[in-house]
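Asks: Please read through the structure below; I'll follow up with questions.
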């Protein structure tokens with residue numbers, strides 16, 4: 001199985017890396033082609049984000065590691081699109 005798209009609900013501290021830096025860090029990962037980040041809510045100390053990651057072969061653990069390294073926490077995985085690997089991809 002290959003993950004092609006993830007939609008994540010993420011909580012990130014207001015202080016610290018910007019959403020631009022977060023998007024850049026995520027797009028540097030192997031298998032990631034596109035990252036979209038939407039700010040849903042801003043509180044006194046936190047920002048609630050919807051992060052959409054698209055690519056050819058997304059590694060969820062790598063995505064989580066980058067988000068956590070930059071101070072974020074994944075609240076939920078709201079969508080996953082996955083495909084079976086073809087023999088050519090194996």
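Residue numbers (my numbering): 1 to 90. All residues carry an ideal CB built from backbone N, CA and C; glycine is no exception.
Mind checking residue 8: buried by the 16 CB within 10 Å criterion, or exposed?
Replies: Label assigned to residue 8: buried.
Asks: Looking at residue 10: is its Cβ nearer than 7 angstroms to the Cβ of residue 71?
Replies: No, Cβ-Cβ distance for residue 10 and residue 71 is not below 7 angstroms.
Asks: If you compare alpha carbons, which of 31, 66, 78, 42 is closest to residue 57?
Replies: Out of 31, 66, 78, 42, 31 has the C-alpha closest to the C-alpha of residue 57.
Asks: Can you list, in chain order, the residues of its chain whose CB lies under 6 angstroms from that of residue 19, leaving out five sequence neighbours each side?
Replies: Result list for residue 19: 37, in chain order.
Asks: By Cβ distance, which residues of its chain are closer than 6 angstroms to residue 52, with the 5 residues on each side in sequence left out?
Replies: Excluding sequence neighbours, residue 52 sits near 7, 36.
Asks: Alpha carbon to alpha carbon, how far is residue 39 from residue 50?
Replies: Between residue 39 and residue 50, the C-alpha separation is close to 7 angstroms.
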